[in-house]
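Everything on this sheet refers to the single structure shown next.
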């Protein structure tokens, strides 16, 4: 009896210990799979700092902050007592110990704007030496692309995403980790650059909008880019994104109105020197880019290093001035300009980062607005012949407005291409009853049929100018604006391009999805992560 009791106690203790060990393992695994979240803001204005570079010091790996200043770092790096190095054009760089960041909240990190001051030496020099013009600075930077950018093969791993925004909410979020093999700026990007898909995620944590995700349709105009078309040369979303890097594609046609950067930028734009700025101790010229063409207005900026004339960053936005709510207001503040210049058609922001005296990709963001026709709010949903009552019945999804619904001129009734005259109309809730004049000739037993689908051999009803009780016009479709984003952020740069024997490459003409693309999973794939935007 005692032996049985001791055996039972032993089994309980063993089961308890096993449960504790399993629970601890789950907790450890869970921590490795979690993230430290942060948000970068301007110390004075308290506004988000978008597209700032966040480097993990000991790993030489990093990310770019999202449009709202948000970012996330895998918990693993905190355990390894790593340090973050944060930099952004116009701000003082900052180092933060990951161990100082909390795991249960979004950590606010403030960056201080760097004020560029002219000392006495520069003021005296300015009196004797004429200041370089904005046009000359850009011309020099374009001429020096061959010496400032890599013309030998290199590679990098980064985080890609495409998504849409409507009314401030993220929709249709697709994410991937990609490795890019670039043969250098001397090679044509579209033809020679190859990309491996490390991982892919259709993020179901964000809402899906099937109407907005369908392809562009300029024939029926159900989904269009207003006053523009998108030239992807048959490629997928990432291919489209790469084609819009005007620096990488400096000698080919990139996009309106930059076209060929090395030939057309200076020829077709105006420029204005702005106060100088800096990043990581490197002084930068800041130059505004301007262009007006009929109702189109361009606003942008380009940042070029003093001395060696490297292009660090280029912002380029195109607006439709016909839809401007405010006109005539001038400002050098890029955010005010965006609000005042009209409806944004597209915006491209590309930044490069210095490494071993050459400039390599850091990130690119391409945002265009598009219009989608929404389904009609008021429409017929069924139609039938009532042989017994000798009438046609048209059923709507909403109750029609009586005054419109009883007008004969709002309907056309056809049978085998013969127009039937309407004698009278009655309305009952959501149904409209149409009574033809020649009832005897039409309502024979052999004529009983359904005409949900119009055809020259059957009956069809045309309806127009009828409103429902909410004021919606029948078949009228509302056009709704969305923003489409495609973005890529470099996490790790390799100055050389190395491929393993088992490397598979994306098919550029097919969508980025595990259903269409081969996936290459290296042993160190866990060292890269998706910097998914923080949900609103």
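In the working numbering, the protein residues as written are 483 to 1018. Just so you know, even glycine gets a beta-carbon here, dropped at the ideal spot from N, CA and C. A quick note: this is a predicted structure, and the numbers were derived from the prediction, not measured.
Quick check: residue i and residue j, are their CB atoms within less than 9 Å of each other?
i, j, result
"residue 587", "residue 553", "no"
"residue 543", "residue 966", "no"
"residue 652", "residue 641", "no"
"residue 911", "residue 879", "no"
"residue 525", "residue 595", "yes"
"residue 664", "residue 636", "yes"
"residue 729", "residue 834", "yes"
"residue 969", "residue 724", "no"
"residue 943", "residue 876", "yes"
"residue 859", "residue 958", "yes"
"residue 597", "residue 568", "no"
"residue 975", "residue 682", "no"
"residue 579", "residue 558", "no"
"residue 921", "residue 866", "no"
"residue 837", "residue 545", "no"
"residue 845", "residue 647", "no"
"residue 667", "residue 688", "no"
According to the neighbour-count rule (16 or more other Cβ atoms, all chains shown, within 10 Å of its Cβ), is residue i buried or exposed?
i, result
"residue 823", "buried"
"residue 677", "buried"
"residue 699", "exposed"
"residue 720", "buried"
"residue 740", "buried"
"residue 538", "buried"
"residue 657", "buried"
"residue 660", "buried"
"residue 982", "exposed"
"residue 551", "buried"
"residue 783", "buried"
"residue 864", "exposed"
"residue 705", "buried"
"residue 584", "exposed"
Helix, strand or coil for residue i? Go by DSSP, reduced to three states.
i, result
"residue 1099", "Outside the modelled stretch of the chain, which goes from 483 to 1018, sits residue 1099, for which no answer is possible."
"residue 503", "Note on residue 503: pLDDT 38, under 50, position unreliable in the model; no value is reported."
"residue 673", "helix"
"residue 991", "coil"
"residue 645", "strand"
"residue 772", "strand"
"residue 936", "Any reading at residue 936 is ruled out, since the residue's pLDDT is 38, under 50, leaving its predicted position unreliable."
"residue 574", "coil"
"residue 639", "strand"
"residue 810", "Its pLDDT being 46, under 50, residue 810 is placed unreliably by the model, and the measurement read from it follows with that caveat. In this structure, residue 810 counts as coil in the three-state DSSP scheme."
"residue 568", "strand"
"residue 725", "helix"
"residue 919", "coil"
"residue 1007", "helix"
"residue 845", "strand"
"residue 582", "helix"
"residue 495", "Residue confidence is low: residue 495 scores 44 on pLDDT, short of 50, so the model does not pin down where it sits. No coordinate-derived value is stated."
"residue 971", "strand"
"residue 760", "strand"
"residue 982", "coil"
"residue 859", "coil"
"residue 890", "helix"
"residue 739", "coil"
Following the continuous alpha helix (DSSP H) through residue i, name the residue where it begins and the one where it ends.
i, result
"residue 620", "616 to 625"
"residue 750", "743 to 750"
"residue 887", "884 to 887"
"residue 557", "557 to 561"
Return the bridge partner residues of residue i from the DSSP annotation.
i, result
"residue 679", "660 and 1001"
"residue 631", "Paired residue(s): none; residue 631 is not in a bridge."
"residue 528", "Paired residue(s): none; residue 528 is not in a bridge."
"residue 782", "771 and 798"
"residue 851", "965"
"residue 942", "896"
"residue 535", "546 and 569"
"residue 551", "Residue 551 pairs with nothing; no bridge assigned."
"residue 956", "Residue 956 is not bridged to any residue."
"residue 699", "705"
"residue 518", "555"
"residue 652", "647"
"residue 913", "877 and 910"
"residue 901", "896"
"residue 753", "771"
How far does the beta strand (DSSP E) with residue i in it reach, from first residue to last?
i, result
"residue 876", "873 to 878"
"residue 866", "862 to 868"
"residue 543", "543 to 546"
"residue 827", "825 to 837"
"residue 593", "589 to 593"
"residue 908", "904 to 910"
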